[in-house]
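A short worksheet on the structure shown next.
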Amino acid sequence: MKELKPNVYSAGAIDWDRRLFDELIPLPDGTSYNAYLIKGSEKTVLLDTVDPTKTEVLVDHLVRLGVDKLDYIVSHHAEQDHSGSIPDVLLLYPDAKVVTNPKCKGMLVDHLEIAEDRFITVADGEQLSLGDKTLQFVYTPWVHWPETMSTYLAEDKILFTCDFFGSHLSSSSLFVSDEGQVYEAAKRYYAEIMMPFRKPIANNLAKIADLDIDIIATSHGPIYDRPEFIIDAYKDWAGDNVKNEVVVAYVSMHDSTRRMVEHFVEALSARGIVVRQFNLTNVDIGRLAIALVDAATVVIGSPTVLMGAHPAAAYAAILTNALRPKARFASVIGSYGWGGKMPEQLAGMLSNLKVELLDPVVAKGLPKDKDYIALEDLADKILAKHKEAGIIE
Ligand code: FEO
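With positions in the sequence shown counted from 1, the corresponding number in this note's numbering is that position plus 1.
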């Protein structure tokens, strides 16, 4: 609980111990659910709430901030890590109204069964006066769901963005204190949460470009008092440029695929290509996602199991397909014992990617000389493709 600017307070909760989000995303550094209290000369508003597991922390902060009367709860995003405590806060403050856009209202009714008469809906660009402070609502869809919006507090030049620009990073510092650490956490967050929505993100970056912003206050992680740091990072990540990098994500059962991967990675490396290699049996999928942000090429390595891909390789392909990285090229390498359709199956799982599929390299049993030659050829092909695409000179 800290003051960002006069009468603007951080009132949310830090979740140091959480290690998984959506039963999917690893949180090596925990997270936070940032909520903000603004005391205007006439009205008091709470921007977002916290995950329901931390409602007591939020309520304690509101009590300690002396909030006897709450006029509004602005809901930027219906996902429960920000909205889940709204019903309890509404019980505590029976006159408070939930201020949000119509789409978010619908979701809050669906997910939290909040009564229709507790809402005020606002249009894109609409303003709400708190007396000496004014909120302006900016629709910023698809960061992270279709209903997401931001709020600009003009008098204090603060943009409250909820998930947009966030990071899963628990920290006792209100503001970013270590940009290197936050860059890594924010990139992980972007990769896992935002990357499927690159185009809407570019639109939202353009939409906020004319706002005079001193502070970007997110709903996860430390907040930014140097906004250009995270805005420039987002422009890079969400932009169309890819790097001379190959992600090789593989699993091996009886060593054939591992031998191929090791040879292939060396071949790429010898050609000056940066390789990010991941063994899928023990991968942190957040690190895999980070690598996918910039890579020009993705290669999945798999043995053949019951005529198809190893389930760990299929999982990586499905995840990559869902995250929609901006890679330009993809391929499959691996092995089989007696037959199957492993390469076709994996390639079919990457249908969301706008990639050129390069011919797979598949060995029968342990790789032989001809298989190693085919891997060298694939490395040559990737180098040539990166050159043709202007990724390297
Ligand atoms: Fe932090 Fe999409 O919720």
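We treat Cβ as the ideally placed atom computed from N, Cα and C, and that holds for glycine.
Scanning the region 46 to 76 from its first residue to its last, the whole alpha helix (DSSP H) runs of 4-plus residues come out as 56 to 65. Scanning its chain for C-beta atoms nearer than 7 Å, with the 5 sequence neighbours on each side dropped, one finds around Lys236 the residues Leu206, in chain order. Between Leu160 and Ile217, the gap from beta carbon to beta carbon is short of 9 Å. For the options Tyr140, Ser86, Gly13, Asp96, the alpha carbon positioned closest to that of His62 is the one of Gly13. Excluding sequence positions up to five before and after Lys40, its CB lies within less than 6 Å of the CB of Asn8, all in the same chain and listed in chain order. The C-beta of Ile121 has fewer than 16 other C-beta atoms within 10 Å across all chains shown, which makes the residue exposed. The three-state secondary structure of Glu117, taken from DSSP, is helix. Annotated three-state conformation of Met108 is helix, per DSSP. Residue Arg272 holds the alpha-carbon nearest to the alpha-carbon of Lys382 among Leu293, Arg272, Thr56, Asp285. Remark: C-beta atoms of Gly222 and Ile26 do not approach each other more closely than 9 Å. Taking 3 residues as the minimum length, the beta strand (DSSP E) runs contained wholly in the region 323 to 382 are 330 to 337, 362 to 365, in order along the chain. Uninterrupted alpha helix (DSSP H) stretches at least 4 residues long and entirely within the region 150 to 178 do not occur. Per DSSP, the unbroken beta strand (DSSP E) holding Thr219 starts and ends at 216 to 219. Sixteen is the threshold: when 16 or more other Cβ atoms of the shown chains lie within 10 Å of the Cβ of Ile274, as they do, the residue is buried.
For Arg277, the enclosing beta strand (DSSP E) covers residues 275 to 280. Taking C-beta atoms under 8 Å as the contact rule, Met196 and Arg325 qualify, at a distance of about 6 Å.
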